[in-house]
Amino acid sequence: MEPIYLIVGQSSVKNNEKLNEMLGTINEEYDLQIHDLEDESLALLLEDLNMIPFLTATKVVVVKNPIFLSKPSSYDSKLIDAFTKYINNPIPSTTLIIMIESLSEIDSKLKKLLEENSSIINVSLPKETEIKPYITAYLTKKGYKYDETAVDELIFRIKGNFERADVELEKLMTYKYEDKIIKFTDVRLLVSKDLDDNIFDLVSAVIDGNKRKSMEIYDDLMVLNEDESRIISLLINKFNEMYQTKALVEKGYSKNDIANLFNYKPGRVYYMMKSASLVSMDKIKRNINDLIDIDYKIKSGQIDKTIALESYLLK
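See the structure below:
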C-alpha cells in the first residue's frame with residue numbers, strides 16, 4: 490500500500506466499504522488505529538502517526554472527521570506544522586488513510602499538500618437510476634427474496650438516498666431473517682417516510698378533515714421523535730407554500746414559472762398546484778392563522794405543545 494490515502498465521498502457507508510476493501514488487500518499482520526477527530530485531539534493523532542509499529546511490522550492509521558483540514562487556523566500552528574512535516578516525510582511502515590466528504594472543504598494549502606503527497610480515491614455514489622438494480626442485487630446476494638412492490642416502496646420512501654438504502658436494507662433483513670422474504674407490508678411497517686412527505690400527507694389530511702389519518706401521521710412522527718413545535722413550524726411553511734402557489738396560479742403563472750420562483754423541480758410543483766386547486770384560499774388562510782396562534786401560545790407558555798398540536802389535528 491501507499492503511505493498516504495485520501496478516501497473522498499459523500500456517503501460514510503460507501504467510504505467505510507472502500508476502507509474495508511483496502512484493509513482486506515493487506516496480506517500481512519498489521520496494527521489498526523482509528524481516530525475520530527470529532528472526539529479526539531489532533532495531538533493524539535500526531536503522536537500515533539510518529540510512533541513506529543511495536544508488535545507488528547506495519548500499522549494503518551485511519552482518520553475520520555478531520556476537522557482540522559478545513560479550519561487549520563483554529564488549531565495550534567505547531568500541530569499543523571507537525572502534520573505538514575509528516576505528510577512530506579511519512580513513516581514507511583505506517584499507512585495513513587484520511588476519510589473526507591469533499592476535497593473542496595479542505596484548506597487550500599493543506600489540499601495542495603495532500604494532492605501532491607497522497608493517493609486520492611474518489612468514492613462516487615451510484616446514479617439514481619441505478620438504485621433499484623443495486624437494491625435487488627444486494628438482496629439476492631444476501632439470499633433474500635422480495636416482492637417487486639416492496640422494492641418500489643422502499644425506493645419511494647428513501648428518496649434515492651443510497652446511504653439510507655443500506656441502513657433500511659439491514660433493518661429489513663434483520664426483521665425477516667427467518668423466512669428471508671421482503672414484502673410490501675414489511676417496508677410499510679419498518680421504513681419511515683421522508684419528513685417532507687409526512688408533512689405533505691398531514692396537510693392533505695387536515696384539509697380533507699380526515700382526523701383519523703391526521704392522528705396516524707402524527708403518531709408516526711412521534712415514533713420518529715419529531716418535536717411538536719417543529720411539526721407546527723413545518724405545517725405553517727407548507728400552508729404558506731400552498732397559499733403562494735394558489736395566488737400565483739390565479740395570476741396566470743405557469744408550472745415552470747412557479748418552479749423557477751421556488752427553485753423546485755416541475756414534478757414537485759405539479760403536486761403543489763394540484764393540492765392548492767383542491768382547497769379554497771379562505772381555508773388555507775384559516776389554517777395558517779390557527780397554526781400561528783398555536784405557535785405563539787406555545788412559545789409564550791400558555792399551552793402545552795402536545796395538547797396544542799393534537800387539539801388542532803382533531804378540530
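Using our numbering, read the sequence shown as starting at 490 and increasing by one per residue. The C-beta atom is built at its ideal place from N, Cα and C for all residues, glycine as well.
Asked, Found
"Close-in-space but distant-in-sequence residues of the same chain around L602 (CB under 8 Å, 5 per side omitted)", "T573, I576, N577"
"Buried/exposed call for N504, threshold 16 Cβ in 10 Å", "buried"
"Selected residue, minimal CA-CA separation from I586, among P555, D708, Y759", "P555"
"Residue from G756, I580, L691, N516 whose Cα sits closest to the Cα of L538", "I580"
"Under the three-state DSSP convention, the category M588 falls into", "strand"
"G873 to P755 span [Cα, whole Å]", "With the chain covering only 490 through 804, there is no way to say anything about residue 873."
"Where Q499 falls: helix, strand or coil (DSSP)", "coil"
"The region 621–641 contacting the region 518–536, beta-carbon criterion three pairs below 8 Å", "no"
"Top-ranked residue by Cα proximity to M770, from I792, F728, R719", "F728"
"CB of L526 within 8 Å of CB of L568, strictly", "no"
"Three CB pairs or more closer than 8 Å across the region 618–626 and the region 650–664", "yes"
"Through-space distance from E642 to F673, alpha-carbon basis", "7 Å"
"Between the CA atoms of I781 and I725 - distance to the nearest angstrom", "7 Å"
"Spatially closest choice to F689 from L535, S703, R677, L679, by CA coordinates", "S703"
"Sub-8 Å separation of V550 and T514 beta-carbons", "no"
"Residues that DSSP places opposite N611 in a beta bridge", "V497"
"C-beta contact flag for I496 and V656 at 8 Å", "no"
"Range of the contiguous alpha helix (DSSP H) that encloses V807", "An answer regarding residue 807 cannot be provided, because it is not within the stretch 490 to 804 covered by the chain."
"Closest Cα partner of I671 within the set L661, S743, M511", "L661"
"Distance between R719 and R757 (C-alpha atoms, nearest Å)", "22 Å"
"Spatially closest choice to I624 from K700, F645, I609, E605, by CA coordinates", "F645"
"When D793, K630, L684 are compared against E659, the one with the closest alpha-carbon", "K630"
"D793, DSSP secondary structure in three states", "coil"
"Helix, strand or coil at Y635 [DSSP, three-state]", "strand"
"E491 versus V640: straight-line alpha-carbon distance, rounded", "40 Å"
"Inter-residue spacing [alpha-carbon to alpha-carbon] between I747 and K682", "26 Å"
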